[in-house]
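Participant: Letter by letter, the sequence shown follows residues 6 to 532 of my numbering.
Here you go, one structure.
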Amino acid sequence: MKNNILYKFFSKELFRGDIALSIAVVFSLAIMLVPLPTQILDLFLSFSLVLSTLILMVSIFLNSPTDFTSFPSLLLFSTLLRLTLEIATTRLVLTHGFEGHYAAGNVVAAFGEFLMGGDVVIGAIIFSILLAVNFIVITKGSGRIAEVAARFSLDAMPGKQMAIDAELSSGAISDQIARQRRQALEEESAFFGAMDGAAKFVRGDAIAALIITGINIIGGIAIGVLRHGMQLSDALNSFTTLTIGDGLISQIPALLISAAAGIIVTKGGTEGRIDSALTAQIGKNPRPLALCSAAAAIFGLMPGLPFFPFFLLSGLFGWIAWKIRKREHSVSEEPKICASTSVVEENPNMIQMDLLRLEMGFNLLNIANNENSQLTEQIKSIRKNIMMEFGFVVPPVRIQDNLKLGANEYVFRMKDIQVGHGELMIDKLLVMNPNGALPDLVGSETRDPAFGLQARWVAAFLREEALLKGYTVVDPTNVLATHLTEIIRSNMADLLSYSATQKILDNLPSDDQRLVQDISKRELIPT
Numbered sequence: 006m007k008n009n010i011l012y013k014f015f016s017k018e019l020f021r022g023d024i025a026l027s028i029a030v031v032f033s034l035a036i037m038l039v040p041l042p043t044q045i046l047d048l049f050l051s052f053s054l055v056l057s058t059l060i061l062m063v064s065i066f067l068n069s070p071t072d073f074t075s076f077p078s079l080l081l082f083s084t085l086l087r088l089t090l091e092i093a094t095t096r097l098v099l100t101h102g103f104e105g106h107y108a109a110g111n112v113v114a115a116f117g118e119f120l121m122g123g124d125v126v127i128g129a130i131i132f133s134i135l136l137a138v139n140f141i142v143i144t145k146g147s148g149r150i151a152e153v154a155a156r157f158s159l160d161a162m163p164g165k166q167m168a169i170d171a172e173l174s175s176g177a178i179s180d181q182i183a184r185q186r187r188q189a190l191e192e193e194s195a196f197f198g199a200m201d202g203a204a205k206f207v208r209g210d211a212i213a214a215l216i217i218t219g220i221n222i223i224g225g226i227a228i229g230v231l232r233h234g235m236q237l238s239d240a241l242n243s244f245t246t247l248t249i250g251d252g253l254i255s256q257i258p259a260l261l262i263s264a265a266a267g268i269i270v271t272k273g274g275t276e277g278r279i280d281s282a283l284t285a286q287i288g289k290n291p292r293p294l295a296l297c298s299a300a301a302a303i304f305g306l307m308p309g310l311p312f313f314p315f316f317l318l319s320g321l322f323g324w325i326a327w328k329i330r331k332r333e334h335s336v337s338e339e340p341k342i343c344a345s346t347s348v349v350e351e352n353p354n355m356i357q358m359d360l361l362r363l364e365m366g367f368n369l370l371n372i373a374n375n376e377n378s379q380l381t382e383q384i385k386s387i388r389k390n391i392m393m394e395f396g397f398v399v400p401p402v403r404i405q406d407n408l409k410l411g412a413n414e415y416v417f418r419m420k421d422i423q424v425g426h427g428e429l430m431i432d433k434l435l436v437m438n439p440n441g442a443l444p445d446l447v448g449s450e451t452r453d454p455a456f457g458l459q460a461r462w463v464a465a466f467l468r469e470e471a472l473l474k475g476y477t478v479v480d481p482t483n484v485l486a487t488h489l490t491e492i493i494r495s496n497m498a499d500l501l502s503y504s505a506t507q508k509i510l511d512n513l514p515s516d517d518q519r520l521v522q523d524i525s526k527r528e529l530i531p532t
């Protein structure tokens with residue numbers, strides 16, 4: 006019985022994502038406290054290197070930065086893993102470094118001997134270069150980009166949300182698509198905000214690696230000479246080799262992680278994978294490639310420079326430019342054949358007509374696009390109120406610009422037929438006298454577009470004076486919304502289409518549907 010319970014636990018519960026991640030975090034923290042055998046340390050160091058490579062490959066093949074929203078958390082876990090491994094290797098280097106180059110395992114020894122070429126100075130230079138590239142170039146640049154991206158994403162959020170609301174109100178997108186876009190917008194803002202802070206992890210990791218390296222070299226030489234009686238040259242060679250090998254095996258994964266972070270934050274608005282975007286954008290125009298081919302050929306002819314490498318590159322770029330040019334000619338000839346048939350095959354019956362459309366002049370577009378405007382919310386409220394009052398859903402109102410209109414004019418069209426028009430002053434207020442007389446204020450004389458009452462467009466600072474005189478004060482957005490409400494009420498019969506009627510009947514309760522069926526079965530007798 007106990008064996009079955011243990012088997013179920015290890016086969017099911019242990020492989021759950023949350024439990025496995027918790028065990029991995031606790032185990033990585035235990036590495037700092039418990040001395041590890043060199044074989045297990047080699048396994049973890051290899052895992053750190055492979056994990057960093059995997060993260061880099063995943064970042065290259067991302068379609069969008071928000072496809073990898075777990076990257077900041079993964080960056081934290083990988084940094085924690087590297088720091089704990091550095092502590093574990095430091096313990097082995099300081100306690101067993103006098104035994105030789107394999108005191109901290111085969112992985113550290115391989116990086117200390119093979120990559121260094123057996124020369125401590127070369128290894129120190131390579132380690133310094135990796136540290137400088139990671140700390141100064143990649144980490145600093147990606148951190149700055151993440152900071153700017155987070156700021157811009159946060160600043161652009163209200164405008165993007167209004168654009169989603171406008172498309173939803175106009176019927177361009179459904180409620181489900183609008184929810185998905187809002188969720189994606191929230192994920193994008195949260196992701197770049199997290200990336201802004203996650204870049205500090207990599208920077209701190211690089212600083213910690215530099216400090217640990219200095220401690221290992223100084224402390225190792227002191228321990229080897231004073232405690233184990235080693236010669237200064239032997240202690241310097243042994244502990245420096247182990248320390249630099251440890252630094253390389255920690256900085257190479259850190260460099261890969263930093264490169265992955267840089268790739269993700271620099272992707273920005275690039276659509277699709279990076280490899281596809283680079284191929285499409287670099288290969289879009291053959292002229293730069295042809296000029297690059299000519300420049301490579303010129304470099305190859307310069308005295309002192311090797312001819313073969315530049316000649317090979319010149320031929321390669323020239324061949325790519327020729328292939329792209331050839332493809333452009335083949336593509337440009339195809340539309341000439343298809344252009345004449347596309348017009349003939351176009352079916353005019355496929356063109357859908359907007360039931361209700363609002364066309365606006367240039368100056369009025371701010372009413373729909375301005376983040377402080379409530380036009381889209383008012384349109385949704387109007388549709389909801391009409392539905393509650395009359396029992397059917399008003400078709401979506403499509404909003405678009407019309408350059409043929411005056412800058413301050415707008416037109417309502419129903420099935421492409423004009424059913425109302427008006428003029429708004431977006432920087433002023435419409436003031437009306439309840440008794441129908443012209444308001445006694447300084448302003449442009451006009452008429453209310455919804456009811457035809459006498460009114461004036463007055464400056465915004467006259468609002469309090471107008472209210473004290475008992476006048477009705479309406480802002481341009483409410484003027485437009487009121488006019489839309491009256492347009493809908495006046496043309497209710499035209500808006501109630503066959504499909505809308507069918508939806509009303511389909512949504513009736515079952516008892517009412519039986520009544521409708523009984524009535525529809527009877528033969529209507531003309532009178």
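Cβ atoms here follow ideal geometry from the backbone N, Cα and C, with glycine treated the same way.
1. Is it right to say Ala29 is buried, meaning 16 or more other beta carbons lie within 10 angstroms of its own, or is it exposed?
2. Can you give the Cα-Cα distance for Thr490 and Ala442, rounded to whole angstroms?
3. What's the gap between the Cα of Asp432 and the Cα of Ala465?
4. So for Leu241, helix, strand or coil by DSSP?
5. Helix, strand or coil: how does DSSP classify Ile431 here?
6. By alpha-carbon positions, which one of Leu360, Ala471, Ile143 ends up nearest to Phe206?
7. For Ser263, does the count of other Cβ atoms within 10 angstroms reach 16, so buried, or fall short, so exposed?
8. Where Ala108 and Phe322 are concerned, what is the direct C-alpha to C-alpha distance, given to the nearest angstrom?
9. Whose C-beta lies closer than 6 Å to the C-beta of Leu190 among residues of the same chain, with five residues either side of it excluded?
10. State the DSSP-derived secondary structure class of Asp251, mapped to helix, strand or coil.
11. Using a 10 Å radius around the Cβ and a threshold of 16 neighbouring Cβ atoms, would you call Lys272 buried or exposed?
12. Would you check if the distance between the CB atom of Leu61 and the CB atom of Leu310 is smaller than 7 Å?
13. With distances taken from CA atoms, which of Thr43, Ala183, Glu91 is nearest Asp170?
14. What three-state label does DSSP hand Gln188 in the structure shown?
15. Use the C-beta contact count for Asn139: other C-beta atoms within 10 angstroms, 16 or more gives buried, fewer gives exposed.
16. May I have the straight-line CA-CA distance separating Ile92 from Met37, to the nearest angstrom?
17. Out of curiosity, what's the CA-to-CA distance linking Ala168 and Asn368?
18. What number of angstroms, rounded off, separates the C-alpha of Thr245 from the C-alpha of Phe304?
19. Cα separation between Glu450 and Glu193?
20. As an exercise, report each continuous beta strand (DSSP E) stretch of at least 3 residues that is fully enclosed by the region 421 to 503, in chain order.
21. Write down the C-beta distance between Pro40 and Arg96 rounded to the nearest angstrom, noting that I regard them as a contact closer than 8 Å.
22. Is Met419 helix, strand or coil when you go by DSSP?
23. Rounded to the nearest angstrom, how far is the Cβ of Ile391 from that of Pro481, given a contact under 8 Å?
24. So Glu364 is in the beta strand (DSSP E); what residue range does that whole segment cover?
25. Let me know the alpha helix (DSSP H) ranges lying completely inside the region 94 to 168, each 4 residues or longer, listed in chain order.
26. Whose C-alpha, out of Asp210, Leu472, Asn483, is nearest the C-alpha of Phe82?
27. Between which residues of its own chain and Met235 is the CB-CB distance below 8 Å, once the five residues before and five after are set aside?
28. With a threshold of 8 Å, are at least 3 pairs of Cβ atoms found where one atom belongs to the region 48 to 66 and the other to the region 247 to 258?
29. Is the distance from the Cβ of Ile226 to the Cβ of Ala213 below 7 Å?
30. Out of curiosity, what's the CA-to-CA distance linking Pro353 and Lys420?
31. Using the C-alpha atoms, what's the distance from Thr74 back to Asp201?
32. Out of Gly411, Gly146, Gln383, which has the shortest C-alpha to C-alpha gap to Pro401?
33. On the criterion of 16 or more Cβ atoms from any shown chain inside 10 Å, does Ala412 qualify as buried, or is it exposed?
34. What residue range does the alpha helix (DSSP H) around Arg55 cover?
35. Cβ of Phe157 within 7 Å of Cβ of Ile249?
36. Just mark Glu394 as buried or exposed, buried being the case when its beta carbon has 16 or more other beta carbons within 10 Å.
Facilitator: On the basis of the supplied data:
1. exposed
2. 24 Å
3. 7 Å
4. helix
5. coil
6. Ile143
7. buried
8. 50 Å
9. Lys165
10. helix
11. buried
12. no
13. Ala183
14. helix
15. buried
16. 6 Å
17. 18 Å
18. 42 Å
19. 48 Å
20. 422 to 428, 433 to 437, 449 to 452, 459 to 464, 477 to 479
21. 6 Å
22. strand
23. Not really, about 22 Å apart at Cβ, beyond 8 Å.
24. 361 to 365
25. 111 to 118, 125 to 137
26. Asp210
27. Phe103, Gly229, Ser243
28. yes
29. no
30. Confidence at Pro353 is low in this model, with a pLDDT of 43, below 50, so its placement is unreliable and no value can be given for it.
31. 13 Å
32. Gln383
33. exposed
34. Reading the sequence as shown, one finds Val at residue 55 and not Arg. Val55 -> alpha helix (DSSP H) spans 43 to 65.
35. no
36. exposed
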